[in-house]
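Q: Okay, handing you the structure first.
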Amino acid sequence: DTAVLMALGEHYLRRGMSAEAMATYEQVVALTPTEAGAYLALAQAYGAANRTDDAIATVQQVTTLEPTLADGYIDLAKLYRGAGRPTDAQAAYTLGMKLVPNDGPLYVAYCDFLVDQGQRDQALTLLAQADQVAPTVEMLLARASVYTK
């Protein structure tokens, strides 16, 4: 059962057993090759094992399988960011914003990235847009964080 395997993979990840988690999630992907969540979990395991290139390639598959799944763009951008590839991270956020324009967590993640890149004014502009399309408490908190970083 894939739900049991997913839970087992999470168990392994929480305990720092990335090799076991990868093997488990690879089984899930083989059983459900069109399930984006399985690929996201596998990418997380790759990331935990410092296999960044594999994690990036796996999340890219997610954006192909489900191009309107915001988590794919968030995870992809974070992987690029962690790999020292801010231009690619920004491109992932930009594409995500184009394809999933009303996703609050995507706005928050992108704004956090912009602030960290020293683009505070652009982050504030993005948050103003977010207020129009996806007003949430998270947006208010994101706006506050722009001023406190």
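Mapped onto my numbering, the consecutive letters of the sequence shown carry residue numbers 1025 to 1173. In this text, a Cβ means the ideal position worked out from N, Cα and C, and glycines have one as well. Here the structure is a predicted model, which means the values were calculated and not measured.
(1) With 16 as the cutoff for other CB atoms within 10 Å, does Val1157 come out buried or exposed?
(2) Could you check what DSSP says for Leu1089 in three-state terms: helix, strand or coil?
(3) From Tyr1036 to Gln1068, what does the alpha carbon distance come to, in whole angstroms?
(4) Hey, out of Arg1109, Ala1047, Leu1148, Tyr1134, whose CA is closest to Thr1118's CA?
(5) What does the Cβ neighbour count give for Leu1130, buried or exposed, with the cut at 16 atoms within 10 Å?
A: The answer reads as follows:
(1) exposed
(2) helix
(3) 12 Å
(4) Tyr1134
(5) buried
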